[in-house]
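Residue numbers (the working numbering): 1 to 193.
The structure appears right after this line, and notes come after that.
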């Protein structure tokens with residue numbers, strides 16, 4: 001008897017259920033269309049950025065690959081500060097591999113600019129840039145440990161300006177203190193070993 005009453009209730013509410021199902025279908029279709037339009041817009045922006053057009057991107061709402069393309073375009077134009085600020089704004093919203101790729105690209109540009117500064121004889125600027133590049137390579141490796149290109153470029157950057165451990169001697173100003181044996185003078189690696 002109970003089953004018959006349930007079936008009777010469902011039969012009487014069939015019209016309401018159909019309207020609810022139709023409304024849910026319309027909402028789902030609207031969401032799908034919005035997602036499709038958003039993906040198409042993102043792909044168009046990425047395509048234009050890859051073709052070296054300067055396209056603004058809404059960092060807070062953009063797709064991670066779109067943000068990476070915007071960072072890459074800023075890096076290609078040597079606007080490292082813009083790329084760094086975009087990465088900082090996007091921050092933790094980016095997947096680790098995308099964030100690692102952005103850090104890798106920024107560090108590559110810093111390494112290239114540091115090598116140019118060494119050739120010009122601007123040692124202080126080169127040392128500062130290469131140290132930033134090394135920290136960015138290390139962070140990229142922390143986010144994506146399988147990035148062999150970042151490992152190689154970190155090694156190259158470490159050869160441009162060496163990292164040597166400092167002695168744990170609190171009183172380096174005394175005349176008996178050991179002298180600094182290693183310099184921070186950069187050298188550009190050339191050729192194979």
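Positions of the beta carbon are idealized from the N, C-alpha and C atoms, including for glycine.
Given that a residue counts as buried once 16 or more other Cβ atoms are within 10 Å of its Cβ, and exposed if not, what is residue i?
i	result
residue 111	buried
residue 20	exposed
residue 84	buried
residue 146	exposed
residue 80	buried
residue 134	buried
residue 106	buried
Can you tell me the Cβ-Cβ gap for residue i and residue j, rounded? I've got them flagged as a contact below 8 Å.
i	j	result
residue 66	residue 45	5 Å
residue 150	residue 137	5 Å
residue 27	residue 99	Not a contact, Cβ separation roughly 33 Å.
Closest to residue i by C-alpha separation, out of the options, would be which residue?
i	options	result
residue 62	81, 91 and 79	91
residue 48	33, 75, 64 and 69	69
residue 140	12, 25, 148 and 104	104
residue 159	144, 127, 142 and 24	127
residue 52	77, 16 and 26	77
residue 152	108, 132 and 6	108
residue 97	131, 148 and 57	148
State the DSSP-derived secondary structure class of residue i, mapped to helix, strand or coil.
i	result
residue 106	helix
residue 52	coil
residue 145	coil
residue 95	coil
residue 17	helix
residue 30	helix
residue 57	coil
residue 77	coil
residue 117	helix
residue 122	coil
residue 23	helix
residue 166	Interpretation of residue 166 is limited by its pLDDT of 47, a score under 50 that renders its predicted location unreliable; the figure taken from the coordinates is listed afterwards. Coil.
residue 100	helix
Can you grab the Cα-Cα spacing for the pair residue i / residue j, in whole Å?
i	j	result
residue 59	residue 95	14 Å
residue 122	residue 101	28 Å
residue 125	residue 119	11 Å
residue 29	residue 64	24 Å
residue 50	residue 75	12 Å
residue 18	residue 42	36 Å
residue 16	residue 25	14 Å
residue 34	residue 154	42 Å
Any beta carbon of chain B sitting closer than 9 Å to that of residue i?
i	result
residue 89	You won't find chain B in this structure, because it holds only one protein chain.
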